[in-house]
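In terms of UniProt numbering, the sequence shown has 9 at position 9, counting the first letter as 1, and numbering is strictly consecutive. Working notes for the structure below.
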Amino acid sequence: MNDLLTDSFVSDARGQPSRDNDIEMGTRVPRSSSDMGMEGFNKQIQEIEKQVDKLSALLKKLKDANEESKSVTKASEMKAIKKRMEKDVDEVGKIARNVKAKIEAINRENLANRQKPGCEKGTSVDRSRMNVTNALTKRFKELMTEFQTLRQRIQEEYREVVERRVITVTGTRPDEETIDHLIETGNSEQIFQKAIQEQGRGQVCCLTYLISCF
């Protein structure tokens, strides 16, 4: 999913400023004659908006699960959270790739549509298409940035948890190389189980898979 968060994609979204501040997310281009392509354009936008809404809902689910994972006390609860989040992360990847491809296709169609009489660059039809497309692109980019931020936060929190659990079990503070090795091999979960048994409680974030999923 990193390709969805590259500088080139973000800059593309920012590089097409809206010319009409009155057109916001969800606003439809007024329907005109079919030869101007408005009907098909509106349908495409509606379809993409539904997918972006799904991404927003998945982001919330992942954030809630991340918080929930910090206070679980049973291995079975942690496994259940991990299973749910793995499914949601897979779904995010599929939807995001699909949305990105559709937005790129619409951008190409917008340029091609300028060849039609009455739809040239700078006309009301062209400005409307570009503004709606830019607004949708901006929303999608912002959601992907949120996912990236969440991924980074989970990674940082997970490293801290690994370090605390190693200290609990061994009495010594691990170096960065040891922490990296535990995360990469999955042995950190064994450390977690020992820590939970010794402490009688857990504040374990079982989200290792997120570190490499995005």
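Don't be surprised by glycine CBs; every beta carbon is placed ideally from N, CA and C.
{"Item": "Contact check, ASN66 vs ILE154, beta carbons under 8 Å", "Value": "yes"}
{"Item": "SER76, buried or exposed, once every other Cβ within 10 Å from all chains shown has been counted against 16", "Value": "exposed"}
{"Item": "Whole-number beta carbon distance between LEU55 and ILE81, since they are thought to touch under 8 Å", "Value": "Not really, about 20 Å apart at Cβ, beyond 8 Å."}
{"Item": "LYS141, DSSP secondary structure in three states", "Value": "helix"}
{"Item": "Span separating the alpha-carbon of ASP64 from that of GLU184", "Value": "25 Å"}
{"Item": "Cβ pair LEU143, LEU59 closer than 8 Å", "Value": "yes"}
{"Item": "Close Cβ partners of ARG201 (< 7 Å) along its chain, the five nearest in sequence each way excluded", "Value": "Per-residue confidence for ARG201 stands at a pLDDT of 40, beneath the threshold of 50, marking its modelled position as unreliable; the derived number appears in the next sentence. Closer than 7 Å at Cβ, skipping near neighbours: THR73."}
{"Item": "Ordered list of alpha helix (DSSP H) runs contained in the UniProt domain \"Syntaxin N-terminal\" (33 to 159), each at least 4 residues", "Value": "38 to 69 and 75 to 113"}
{"Item": "Chain-order list of residues whose beta-carbon lies under 6 Å from that of VAL125 (same chain, five-residue window excluded)", "Value": "MET36 and CYS119"}
{"Item": "With 16 other Cβ atoms within 10 Å as the buried cut-off, status of ARG97", "Value": "exposed"}
{"Item": "Pairwise C-alpha distance: THR123 and LYS87", "Value": "45 Å"}
{"Item": "Straight-line Cα distance separating ASN113 from SER71", "Value": "54 Å"}
{"Item": "Beta-carbon spacing of ILE48, LYS121 below 8 Å", "Value": "no"}
{"Item": "CA-to-CA distance, VAL132 to THR178, given in whole angstroms", "Value": "49 Å"}
{"Item": "Euclidean distance between Cα positions of GLU109 and SER69", "Value": "44 Å"}
{"Item": "Residue environment, GLN43, which counts as buried when at least 16 other CB atoms sit within 10 Å", "Value": "According to the sequence displayed, residue 43 carries Lys and not Gln. Its Cβ having fewer than 16 others within 10 Å, LYS43 is exposed."}
{"Item": "GLY26 (DSSP reduced to helix, strand or coil)", "Value": "Summary for GLY26: the model assigns pLDDT 44, below 50, so the residue's position carries little reliability; its value from the coordinates is reported in the next sentence. Reduced to three states, the DSSP call for GLY26 is coil."}
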